[in-house]
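Peer 1: All the letters of the sequence shown, read from the start, carry residue numbers 954 to 1847 under the numbering used here. Cβ coordinates follow ideal geometry from the N, Cα and C atoms, glycine included. Nothing here was measured: the structure is a model prediction, and the numbers come from that model.
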Amino acid sequence: MPESSSAGVGGRPGTDLAWWLATGLVMALVFATDALTQLGFAHGTLYVPVVLLALWSQRRALVATTAMVSSLLVGFGYLISPPAAPGFAVEYVIANRLGSVAAIVLVYVVGSMLVRARRQLGDFGTDLEAARESLARNENLVEAAARVGRLGGWYVRLDDGKPTWTDDVYRIFGVPIGSEPDFGAANEQLSRGDQQRLAHCFDRCVREGAHFDEEVLLTAADGTRTWVRSIGRPVHDEAGNVVAVQGALQDVTRLKHAELTASESQRRFRELADALPIFVWSSGPDGQVDYFSRPVQTYTGLGMEALAGEGGWRSLVHPDDRQPTIDAWERARRLLEPYVTEFRLRSGTGEYQWFQTSAQPIFDAEGNVQMWYGSAVNVHQLKQVESSYRELAERLSTTLESIVDPFVTFDAGWRITYVNAQAELLSGMKREELLGRSFWEAFPGTRESEFGRQYQEAAATRSRRFFRAFTPLVNRWLDVNVYPMPDGGLAVHIRDVTDQKDMEDQLQRAQRLDSIGQLTGGVAHDFNNLLTVILGNADLLREQLEPDSRLRPLAEMIGSAVESGASLTQRLLAFARRQMLEPRPVDVNALLADMDGLLRRSLGEQVELELVRGAGLWLAQVDPAQIENAVLNLCLNARDAMPDGGRLTIETANAWIGEEYVATHPDAEPGQYVLLAVSDTGVGIPSEHLDRIFEPFFSTKNKDQGKGTGLGLAMVYGFIRQSRGLVNVYSEPGQGTTFKIYLPRARGSLARTEARAHEPPQGGSERVLLVEDDDMVRGFARELLESLGYRVIEAANGPDALDALAADAPVDLLFTDVVMPGGLNGRELAEAVRARHPGIRVLFTSGYTDNAIVHHGRLDPGVHLLAKPYRREELARRLRQVLDADPPDTTGGA
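Here is the structure:
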């Protein structure tokens, strides 16, 4: 009974609680009665019904608890019950109590046995019913399995030969169910060969007890051909003799067709595998390869057995690849994941070639591996090409890493795919920071710049682009070549041309200044010719007019104006590097000390002057008068740049210009120099003006209108360059300006300065050959020479002068212009004259000195020059100096 079983281990909570309450209530009533009754009465036996009540519940816990508590209460009742009647023996009281306990225990034991027996009887009934149900279910399952599997049973007794068939055997043979079974007729439905084979198997089963399991093809009664599986085994009696044969028939037509289909599929698979140009193979779940296609056998020169045998294909794998290949195969089998690897396999000729092999596991419905199907592709040529490409890529990478120019590539999505070391240096970022990032993200703001426009244009048109642009990101000028790549990206070759552009700008600036200088020199030449005539005539007028004449101040005013014009042309010539210099070793520190008072007076009280004279300063090879003029001009410019006052610092130091500096400054020469730096705290010079400040008449607009001529810095630049020095300027708006002048170091010692005596002009009676192409200047010079007592022969050019010498008596002095038309300049004329008259003196005059008699800012040795414009006193003094000097060297020179 299912209820008893469940009650034994506890029933429903509500039912258990009711039994406990009822048992406890009855037990309390019995205890109360026992406690109020005198000892000697057998009230303890009243607990027996309580135990029986608990037994009725069939709850083992309740019965055991009731029996134990009842026994304890019997003993406890002895202690609290009223005393026994007088004369009642205590032994009877104790015996009464012990008897009650014994009765309780006896009822508990007997009752428990009865409950257990009843439960076992109920469980047996339950098991019997379950067995019947299970048997019925199994019969149904067997019947269902037989129908699904088309399986029927048969039984043949040997004593009478009568067969017994199940319904499915009737169905297989196609005869009516319930008809008399006839094995003879059934055998006629088999082919003769199958009949003989089954008869032989049946005889062996009877004689030897051998089991049989055969497949035969029969033709059913309705003509249907059916494949049948016939199974038989002997039946023995107690003595071990075969008394019957029993077995089964199963219709396996569908299975047979499936096998034939699978066999046909297998045949087609192998034919296809043999026709493919790749290797095809298969293995069982254990990893043992059981099939190789014919191309494998052809390549290796081994048959199927040799390939699948011990060692087999593994022995053909290159020793270096063998263990990794085996490990990869075992790992794929263990994890049931696709197998992919590459290895070298030896051919029948002993050559190793690369193969890429892969395999895929095939699972059944339960997820178990049935087979592995794999293939191998010959990738030897691909490997060779890949190796060649890898070597090419390595060489290309090495080349790109070794070049001195940055190189960058982008893909079609503008992601940076390659950056060489020079590109890292230029960008200031590590390669890891750039690779994979968008170019626009790595360099924000570039998309709208010239770089972004050109890159996008190259990507859109797929055409090469070349441009030069300045990038403020790195503050450099760059030449950029952009090449489209086949994958839609770009390759960018960058060349930092900042230094080159600076050199080009410097060269262009030098060429521009040189062109301006040539123009300026030509203008100064003609202008000085005019000033010579004007100044000479102004002097003649002044001398001829009485001191009290009202016209004399006008003549003096004309002379002053001419001197101002001459000063202007002198500045122009200084800028054009065409002035005559007299360089000699100069102590620049001493020169600045001598100029201290002049500079302080010129700067005014608002400007604080500080001289920082370097110790051990070398001597400079320079014209002292011109360097004084240059320093004064720089100081006056600094004063104008500090309208509210400030500090002006003049420093000197020894300096060395090396090859590295010369490489970026083509107008510089390596060597030792004396550095003279002039620094102010003024308004500074805008960067866009720095390249033009040395041009004549250019103004930075930092000075008031009308101040200066605009030639001060141009004169300084020309004088320094003509002295083979260098001048640089550094300035920032609001931070001041520094001019650094580098003067070439002198190798000699300080020269003594001879004071010139201011003697009154003296004339003479010598014969002078005057050669001047300008008619006015030539007429003026003739008057001055004749007024000084000299005899004059004049000519307009060199050829006329030679003709005059041939037709007239020899002359004492040749007074000639330097720059003249007619095919002969002054120097060439002097050489021709001295070739005929070796002792003749020569005095050159010019308002513009070219390279005919002046080289590197110096007059050639033995050459005398009178610069235009000149006064009558200067002409007289220079003539006497040349005529009174020692005879010229007739061995050569001018």
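Could you give the distance in angstroms between the alpha-carbon of residue 1829 and the alpha-carbon of residue 1696?
Peer 2: Numbered from its first residue, the sequence shown carries residue 1829 at position 876. Numbered from its first residue, the sequence shown carries residue 1696 at position 743. Rounded to the nearest angstrom, the two C-alpha atoms are 35 Å apart.
Peer 1: Specify, as a first and last residue, the run of the alpha helix (DSSP H) that residue 1732 falls within.
Peer 2: Here the question's residue 1732 lines up with position 779 in the sequence shown. From DSSP, the alpha helix (DSSP H) with residue 1732 extends over 1728-1740.
Peer 1: Look at the Cβ atom of residue 1785, then the Cβ atom of residue 1755, and state whether they are nearer than 8 Å.
Peer 2: Here residue 1785 corresponds to residue number 832 of the sequence shown, with the count starting at 1. Here residue 1755 corresponds to residue number 802 of the sequence shown, with the count starting at 1. Going by C-beta atoms, residue 1785 is nearer than 8 Å to residue 1755.
Peer 1: So does residue 1751 have its beta carbon nearer than 7 Å to some heavy atom of the ligand MG?
Peer 2: For the ligand MG, the structure offers nothing, since it holds no ligand at all.
Peer 1: Considering only residues of the same chain and omitting the five flanking positions on each side of residue 1235, which have a CB-CB separation below 8 Å?
Peer 2: Locating residue 1235 in the sequence shown gives position 282, where the first residue counts as 1. Take residue 1235, set aside five residues on each side of it, and the residues of its chain with a beta-carbon closer than 8 Å to its own are 1242, 1243, 1244, 1324, 1325, 1326 and 1327, in chain order.
Peer 1: Grab me the residues of residue 1306's own chain with a C-beta within less than 7 Å of its C-beta, minus the 5 sequence neighbours each way, in chain order.
Peer 2: Here residue 1306 refers to the residue found at position 353 when the sequence shown is read from its first residue. 1297, 1298, 1300, 1331 and 1333.
Peer 1: Have a look at the DSSP bridge pairing and note the partners of residue 1189.
Peer 2: Position 236 of the sequence shown holds residue 1189. For residue 1189, the pairing in a beta bridge is given by DSSP as 1195.
Peer 1: For residue 1157, which residues of its own chain have a beta-carbon under 6 Å away from its beta-carbon, when the five flanking residues on both sides are left out?
Peer 2: Here residue 1157 is taken as the residue at index 204 of the sequence shown, counted from 1. Listed in chain order, the non-local C-beta contacts of residue 1157 below 6 Å within the same chain comprise 1163, local neighbours out to five positions each way being set aside.
Peer 1: What residue does the alpha helix (DSSP H) around residue 1336 start on, and which one ends it?
Peer 2: Indexing the sequence shown from 1 puts residue 1336 at position 383. Start and end: 1333-1355.
Peer 1: Measuring straight from C-alpha to C-alpha, what distance separates residue 1547 and residue 1823?
Peer 2: On the sequence shown, residue 1547 is found 594 positions in, with the first residue counted as 1. On the sequence shown, residue 1823 is found 870 positions in, with the first residue counted as 1. So the alpha carbons of these two residues sit roughly 29 Å apart.
Peer 1: Considering only the beta carbon of each residue, do residue 1422 and residue 1433 sit closer than 8 Å?
Peer 2: Stepping through the sequence shown from its first residue, residue 1422 is reached at position 469. Stepping through the sequence shown from its first residue, residue 1433 is reached at position 480. Taking 8 Å as the Cβ cut-off, residue 1422 and residue 1433 qualify as a contacting pair.
Peer 1: From residue 1553 to residue 1562, what does the alpha carbon distance come to, in whole angstroms?
Peer 2: As a working mapping, residue 1553 is identified with position 600 in the sequence shown. As a working mapping, residue 1562 is identified with position 609 in the sequence shown. Computed Cα separation, rounded: 7 Å.
Peer 1: If you scan the region 1127-1181 from start to end, which runs of the alpha helix (DSSP H) of 4 or more residues do you find wholly inside it?
Peer 2: 1136-1140 and 1145-1161
Peer 1: Under the rule that 16 or more other beta-carbon atoms within 10 Å means buried, what is residue 1145, buried or exposed?
Peer 2: As a first step, residue 1145 is located in the sequence shown; it is residue number 192 there, counting from the start. Residue environment for residue 1145: exposed (fewer than 16 other C-beta atoms within 10 angstroms of its C-beta).
Peer 1: For residue 1598, collect the residues of the same chain with a Cβ closer than 7 Å to its Cβ; drop the 5 residues on either side in sequence, then sort them by chain order.
Peer 2: Within the sequence shown, the letter at position 645 stands for residue 1598. Hits under 7 Å: 1559 and 1560.
Peer 1: Does residue 904 pass the burial test, meaning 16 or more other C-beta atoms within 10 Å, or should it be called exposed?
Peer 2: Since the displayed the chain opens at 954 and closes at 1847, residue 904 lies outside it and no answer follows.
Peer 1: Hey, how far is the Cα of residue 1790 from the Cα of residue 1717?
Peer 2: Counting from 1 along the sequence shown, the entry for residue 1790 is found at position 837. Counting from 1 along the sequence shown, the entry for residue 1717 is found at position 764. Looking at the two C-alpha atoms, the distance is approximately 20 Å.
Peer 1: Quick check on the DSSP output: the alpha helix (DSSP H) that includes residue 1018 runs from which residue to which?
Peer 2: Here residue 1018 is taken as the residue at index 65 of the sequence shown, counted from 1. That run of the alpha helix (DSSP H) goes 1013-1033.
Peer 1: Using DSSP bridges, identify the partner residues of residue 1362.
Peer 2: The residue labelled residue 1362 in the question sits at position 409 within the sequence shown. Looking at the DSSP assignment, residue 1362 forms a beta bridge with 1371 and 1444.
Peer 1: Fully enclosed by the region 1763-1804, which beta strand (DSSP E) runs are 3 residues long or longer?
Peer 2: 1766-1770 and 1794-1799
Peer 1: Quick one: grab the DSSP three-state call for residue 1835.
Peer 2: Residue 1835 sits at position 882 when you count from the first residue of the sequence shown. DSSP places residue 1835 in helix when its eight states are reduced to three.
Peer 1: With respect to the alpha helix (DSSP H) encompassing residue 1282, which residues constitute its N-terminal and C-terminal limits?
Peer 2: For the purposes of this step, residue 1282 is identified with residue 329 of the sequence shown, where counting begins at 1. Counted as a single uninterrupted DSSP element, the alpha helix (DSSP H) harbouring residue 1282 occupies residues 1272-1288.
Peer 1: Nearest by alpha-carbon distance to residue 1609: which of 1302, 1596, 1625 and 1620 is it?
Peer 2: Indexing the sequence shown from 1 puts residue 1609 at position 656. Among 1302, 1596, 1625 and 1620, the Cα nearest to that of residue 1609 is on 1625.
Peer 1: Is it right to say residue 1302 is buried, meaning 16 or more other beta carbons lie within 10 angstroms of its own, or is it exposed?
Peer 2: Your numbering for residue 1302 matches position 349 in the sequence shown. Answer is exposed; the Cβ neighbour count stays below 16.
Peer 1: In whole angstroms, what is the alpha-carbon distance linking residue 1258 and residue 1265?
Peer 2: Within the sequence shown, residue 1258 is the residue found at index 305, counting from 1. Within the sequence shown, residue 1265 is the residue found at index 312, counting from 1. Roughly 8 Å between the two C-alpha positions.
Peer 1: Residue 1453 by DSSP, collapsed to three states: which one?
Peer 2: Working through the sequence shown from its first residue, we reach residue 1453 at position 500. Helix.
Peer 1: Mind the definition here: the region 1025-1038 touches the region 1002-1016 only if three or more C-beta pairs lie below 8 Å; say whether that holds.
Peer 2: Contact between the region 1025-1038 and the region 1002-1016 is not established, with fewer than three Cβ pairs separated by less than 8 Å.
Peer 1: Hey, could you find the ends of the alpha helix (DSSP H) residue 1010 is sitting in?
Peer 2: Within the sequence shown, numbered from 1, the residue matching residue 1010 stands at position 57. Taken as a continuous stretch (DSSP letters only), the alpha helix (DSSP H) holding residue 1010 covers 1000-1010.
Peer 1: How about residue 1591 and residue 1635: do their beta carbons lie closer than 8 Å?
Peer 2: Here residue 1591 is taken as the residue at index 638 of the sequence shown, counted from 1. Here residue 1635 is taken as the residue at index 682 of the sequence shown, counted from 1. Cβ atoms of residue 1591 and residue 1635: closer than 8 Å.
Peer 1: Less than 8 Å separating the beta-carbons of residue 1199 and residue 1104?
Peer 2: Within the sequence shown, residue 1199 is the residue found at index 246, counting from 1. Within the sequence shown, residue 1104 is the residue found at index 151, counting from 1. No.
Peer 1: Between residue 1768 and residue 1723, how many whole angstroms is the CB-CB distance? I'm expecting something under 8 Å.
Peer 2: Position 815 of the sequence shown, counted from the first residue, corresponds to residue 1768. Position 770 of the sequence shown, counted from the first residue, corresponds to residue 1723. At roughly 5 Å, the Cβ-Cβ gap stays under 8 Å, so residue 1768 and residue 1723 are in contact.
Peer 1: Between the alpha carbons of residue 1596 and residue 1583, how many angstroms are there, rounded?
Peer 2: What you label residue 1596 is simply residue 643 of the sequence shown in a count that begins at 1. What you label residue 1583 is simply residue 630 of the sequence shown in a count that begins at 1. Approximately 21 Å, taken between the alpha carbons.
Peer 1: Please state whether DSSP places residue 1095 in a helix, a strand or coil.
Peer 2: In the sequence shown, the residue the question calls residue 1095 occupies position 142. With a pLDDT of 49 at residue 1095, under the threshold of 50, the modelled position of this residue cannot be trusted; read the value that follows with caution. Looking at residue 1095 - three-state DSSP - the assignment turns out to be helix.
Peer 1: Looking at the secondary structure, which residues open and close the alpha helix (DSSP H) in which residue 1617 lies?
Peer 2: As a working mapping, residue 1617 is identified with position 664 in the sequence shown. Residue 1617 -> alpha helix (DSSP H) spans 1612-1617.
Peer 1: From residue 1427 to residue 1537, what does the alpha carbon distance come to, in whole angstroms?
Peer 2: Working through the sequence shown from its first residue, we reach residue 1427 at position 474. Working through the sequence shown from its first residue, we reach residue 1537 at position 584. Distance between the alpha carbons of residue 1427 and residue 1537 is about 46 Å.
Peer 1: For residue 1428, name the three-state secondary structure that DSSP assigns.
Peer 2: For the purposes of this step, residue 1428 is taken as residue 475 along the sequence shown, with counting starting at 1. The answer is coil: DSSP assigns residue 1428 none of H, G, I, E or B.
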